Amino acid sequence: MRSDWRIRPATPADVDAILAHRRGMFEDMGFTDASVLDDVVAASRKFIELGLTNGSYRGFLAADDTDRVIAGAGLAITDWLSHPAAPKQSRRAYILNVYTAPEYRRKGIARRLMNAVLEHCKQEGFITVWLHASVHGKPMYESMGFEPTNEMKIVLK
Ligand SMILES: CC(C)(COP(=O)(O)OP(=O)(O)OC[C@H]1O[C@@H](n2cnc3c(N)ncnc32)[C@H](O)[C@@H]1OP(=O)(O)O)[C@@H](O)C(=O)NCCC(=O)NCCS
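Shown next as structure tokens:
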């Protein structure tokens with residue numbers, strides 16, 4: 007395991023690494039059905055490829071000194087309705103695909119990536135940033151100041 011790493015922006019050439027993070031993230035969250043994850047990866051590819059090209063998806067990757075990607079965090083910036091909490095904002099910033107390869111965990115990599123994402127969001131003028139937290143991610147997000155929201159969902163059968 008190499009100890010040198012740096013953060014760099016993702017390019018369209020990184021789509022497979024980002025999809026591997028998305029799959030690994032769901033596996034670590036307990037989704038074990040490989041065919042479902044195959045579908046998730048296949049259906050996410052276009053979103054990420056297109057987003058990396060037009061800016062609606064931004065990737066922040068940690069790479070070692072051989073440029074092997076060891077961790078990442080993604081940011082989706084989508085058109086969204088304004089809200090009193092951000093009345094002049096008609097876009098939404100949503101963090102996703104936060105993942106660190108198991109052998110690199112607890113070294114501060116995800117925290118550095120998250121700080122880079124949040125700094126980017128500030129520079130873009132966002133005053134609110136959203137995400138859904140896994141059990142693994144929740145302690146980190148809480149320690150950075152993220153708060154639970156009142157979101158609800160229904161599963162339609
Ligand atoms: C969550 C995850 C991205 C953290 O990556 P990481 O690079 O190990 O995180 P860091 O080393 O930067 O740790 C940041 C903080 O997160 C918290 N944390 C990380 N792993 C933790 C664990 N296993 N138990 C409790 N807290 C943990 C700690 O507060 C930690 O800060 P500290 O080391 O100063 O105490 C990584 O565990 C992971 O990929 N998990 C599986 C995928 C996932 O759930 N992603 C989040 C989706 S919302």
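If you read the sequence shown in the working numbering, its first letter stands for residue 7, the second for the next number, and so on.
Glycine residues also receive a C-beta, built at the ideal position from the N, C-alpha and C atoms.
All values reported here derive from a predicted model rather than from experimental measurement.
Asked	Found
Closer than 6 Å: V46 CB and nearest ligand 1 heavy atom	no
Check: M146 C-beta below 6 Å from any heavy atom of ligand 1	yes
Beta strand (DSSP E) segment containing Y100, residue limits	97-106
Sequence-distant residues of the same chain with beta carbon closer than 7 Å to F53, five excluded per side	Y63
Cut-off 7 Å between Cβ atoms - residues of its own chain near N103, not counting five sequence neighbours on either side	I24, H27, R28, M31, G78, A79, G80
Distance cut-off 6 Å: R97 Cβ against heavy atoms of ligand 1	no
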